[in-house]
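Protein chains in written order, with my numbering: chain A, 212 to 615; chain B, 299 to 572. The beta-carbon is built from N, C-alpha and C at its ideal position, and this holds for glycine as well. Take a look at the structure below.
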């Protein structure tokens, strides 16, 4: 198993496996970066509906191809059919939301299940057709790229690159619309058109990924990579490319695993790999990860102790808490006998002043959120602007450090 | 403040009827017969209003009076049921380069992955275009706009770490980066601390003194006389518009707010003699 995996990952597991790996990697990169904008605009559900709405298109395209006397398994034709029905599904969701009092989630649920149900009926019909028995259309549900041809791989690669290029070209309007649609309108960006383009890109990913990942799980490849990437960066630009990397790695590893265990459909494996990367991001990402949060909790406890200790020093009270004493000693703020050092006295005076400033800030700020959001234990210069501090100091009167 | 070469496009198209308000093309922002409706209830009904160039103006009225809606409809952010809006004599849609809009800060998700400086750079969108690179001069512009609102030390912060007043300042800095002739602000003083309120009004007055036009949706009646030159009193319909000294009267406020404005409150305002 491990041997075949390594073979697959180094493109030695055969021509077909290599094609699949290239295809899923490119698809993952394009899906992750496109999905970032879907994720930021909170359109995950609607893109799932669009993905499910591809199925009747696949069925109808197959039936049409057979009726015209051709081979029903022509991938570009099936993809074109799925794109048309996905687009119809998107328009129906928008039409229902606009024309009725139904909320968008109800419209999404209705379209998703009805289109998917219709697709399943069509697949059943096709299975009962003489030419349909070997159609393998159920592969579109969960992805089964085993029979992938070179031309299919080229199709996926070209489409993935086109989508990626469009995402890069349109990143600014898409970011603006996701962050602040009203402002976007005021600078001349059409929010409606940008949303349509965003959905069209997601749809392109879906139809291109039909054979590789399948329509049921493609939304995971759009949404999980940006969700993972979000842990690593606070900049939209970085989230886009990190999501691309997460998607690409998922596609590559997933294809490798799938090649070494051919009985399992590719889609679920890719999604599970993707989820592993998400879980690792959630755990280990600096600042936003779970472990970092625990470390922050510890630092917070230390800040509390330091502040309490310094205030006690400023008031010349005895410090009883052993953890606080240990901390102050470690930082050279008190001597081993508990008497404050020069540094300790200076910091104690500063802590006292900040404490009084925060008191004023709490009392005078109309905006309670500003005060609520902070623990009031940091140097005030890190939290408030200079004029805000000046305003507080004006209310406080002249400093008292000299007196203490 | 270059005058546009295309005066009166919309007005001339007005079925050849004589222009009702000859001063329309001179005003920085004019709305005509503006009606906006959410469902079956007009939020703004048939409002005519104009805001003169180089003035600092407030739109004032009770909650639900359609103040924000009027601004949004003028900008095309919410659909109009009827009416049109012009900026400097041309349709607002064609004047985007000269207009800076500051939405209510509660209207966006402050957990969005972006830093303060990135938000200000959004104000340079029309300069940068789709693919233009962000160069040092753009960053310098953004930093100097942050400095004008006292936020230069916060450029690299994630926006989720800011207080409400600081968020409002960042939005104002983004508008400054747009270097517009007309500034439209939706409740810029709502829920901000005293220092931020002062920082904002100083910037707005400086803009006015540079002959730019500023229009604010405003809710604090006690500061109207101190802050603004002109006022539009609105309660779905227009009640009055003009210089504060002439229209900010007890009589007009009573018409705008009805019973909701206690007389004891009125006594505290610096009202025009009416």
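What's the gap between the Cα of residue 360 of chain A and the Cα of residue 412 of chain B?
C-alpha separation (whole angstroms): 42 Å.
Is there a Cβ from chain B that is less than 9 Å from the Cβ of residue 245 of chain A?
no
Report the option in A:290, A:538 and A:317 whose CA atom is closest to the CA atom of residue 303 of chain A.
A:317
By Cβ distance below 8 Å, which residues in the same chain neighbour residue 528 of chain B in space, the five residues on each side in sequence not counted?
The answer, listed in chain order, is 349, 350, 353, 354, 355, 356, 539, 540, 541 and 542.
Is residue 547 of chain A helix, strand or coil by DSSP?
coil
Is there a Cβ of chain B sitting closer than 9 Å to that of residue 387 of chain A, yes or no?
yes
Chain B beta carbons: is any one of them nearer than 9 Å to that of residue 390 of chain A?
yes
Proximal chain A residues relative to residue 411 of chain B, where beta-carbon distance stays under 7 Å:
441, 444, 445, 446, 447 and 450
Reference residue 415 of chain A, options A:442, A:265, A:605 and A:552, closest by Cα:
By alpha-carbon distance to residue 415 of chain A, the top candidate from A:442, A:265, A:605 and A:552 is A:265.
For residue 516 of chain B, which residues of its own chain have a beta-carbon under 6 Å away from its beta-carbon, when the five flanking residues on both sides are left out?
356 and 358
Buried/exposed call for residue 180 of chain A, threshold 16 Cβ in 10 Å
The requested residue 180 of chain A is not part of the displayed model; chain A covers only 212 to 615.
Taking DSSP as the reference, what is the three-state secondary structure of residue 340 of chain B?
Note: residue 340 of chain B maps to strand in three-state DSSP.
How far does the beta strand (DSSP E) with residue 528 of chain B in it extend, from its first residue to its last?
Residue 528 of chain B -> beta strand (DSSP E) spans 528 to 533.
Give the straight-line distance between the Cα atoms of residue 368 of chain A and residue 237 of chain A, rounded to the nearest whole angstrom.
6 Å
Going by other Cβ atoms of all chains shown within 10 Å of its Cβ, with 16 needed for buried, is residue 456 of chain B buried or exposed?
buried
Cutoff 6 Å; reference residue 436 of chain B; Cβ partners in own chain excluding five residues on either side
422
Going by C-alpha distance, which of A:601, A:299, A:592 and A:570 is nearest residue 257 of chain A?
A:299
When Cβ atoms are compared, which residues of the segment 394 to 408 of chain B fall closer than 9 Å to chain A?
394, 395, 397, 398, 399, 400, 401, 402, 405, 406 and 407
Do residue 389 of chain A and residue 301 of chain A come within 9 Å of each other at the CB atom, strictly closer than that value?
no
Taking 6 Å as the limit between beta carbons, can you name the residues of its chain near residue 503 of chain A, skipping five residues before and five after?
Within the same chain, residue 503 of chain A has close Cβ partners 497.
On the premise that residue 397 of chain B lies in contact with residue 397 of chain A, defined as a C-beta separation below 8 Å, what is that separation, rounded to the nearest angstrom?
With 8 Å as the limit, residue 397 of chain A and residue 397 of chain B qualify as a contact, their Cβ atoms being about 6 Å apart.
Three Cβ pairs or more, each shorter than 8 Å: is that satisfied between the segment 445 to 459 of chain B and the segment 402 to 421 of chain B?
yes
At 4 residues or longer, and completely inside the segment 376 to 452 of chain B: list those alpha helix (DSSP H) runs for me, N to C.
Runs found: 414 to 420, 423 to 426 and 434 to 446.
Run down chain C in chain order and give the residues with a C-beta less than 7 Å from the C-beta of residue 398 of chain A.
The chain labelled as chain C is not found among the protein chains of the depicted structure, namely A and B.
Under 9 Å between C-beta atoms, does residue 594 of chain A make it to chain B?
yes
Which residues does DSSP pair with residue 539 of chain B in a beta bridge?
B:530
Verify the CB distance criterion: does residue 597 of chain A have a CB-CB separation below 9 Å to chain B?
yes
For residue 339 of chain B, count neighbouring C-beta atoms within 10 Å of its own C-beta (all shown protein chains included) and say buried if the count is 16 or more, exposed if not.
exposed
Where does residue 332 of chain B sit, in a helix, a strand or coil, going by DSSP?
strand
For the segment 285 to 366 of chain A, list the alpha helix (DSSP H) runs that are entirely contained and at least 4 residues long, ordered along the chain.
286 to 310, 315 to 338 and 350 to 353
Quick check: what's the CA-CA separation for residue 443 of chain B versus residue 489 of chain A?
38 Å
Residue 616 of chain A touches chain B at which residues, Cβ-Cβ below 9 Å?
The displayed coordinates of chain A run from 212 to 615. Any statement about residue 616 of chain A would go beyond what the structure contains.
Which runs of the alpha helix (DSSP H) spanning at least 4 residues fall entirely within the segment 212 to 263 of chain A, listed in chain order?
213 to 220, 226 to 251 and 255 to 263
Three Cβ pairs or more, each shorter than 8 Å: is that satisfied between the segment 512 to 532 of chain A and the segment 457 to 467 of chain A?
Not touching, per the Cβ criterion.
Please report the straight-line C-alpha distance between residue 543 of chain A and residue 592 of chain A, rounded to a whole angstrom.
23 Å
Would a check of beta-carbon distances place residue 391 of chain B closer than 9 Å to chain A?
Interface residue, yes.
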